[in-house]
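Numbering (this note's numbering), first residue to last: 2 to 49.
For every residue, glycine included, the Cβ atom is placed at its ideal position computed from N, Cα and C.
What follows is a single structure, written as structure tokens, with notes after it.
What follows is the structure in structure tokens.
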């Protein structure tokens, strides 16, 4: 059974990016969040 990270993106919080920190492991949830932010910004731009 695969391990699936929870979806943490919330458009109401108006995040604009994901920051990486030195010494903190990069996990798949970071990449998922980054991609969700990018998709949300693109949809908002195209709607405008």
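So residue i is in the alpha helix (DSSP H); what residue range does that whole segment cover?
| i | result |
| --- | --- |
| residue 43 | 29 to 48 |
What does the alpha-carbon distance come out to for the pair residue i and residue j?
| i | j | result |
| --- | --- | --- |
| residue 7 | residue 16 | 17 Å |
| residue 12 | residue 26 | 25 Å |
| residue 44 | residue 22 | 28 Å |
| residue 28 | residue 46 | 28 Å |
Among the options, which one has its Cα closest to the Cα of residue i?
| i | options | result |
| --- | --- | --- |
| residue 30 | 19, 48 and 40 | 19 |
| residue 36 | 2, 48, 24 and 9 | 9 |
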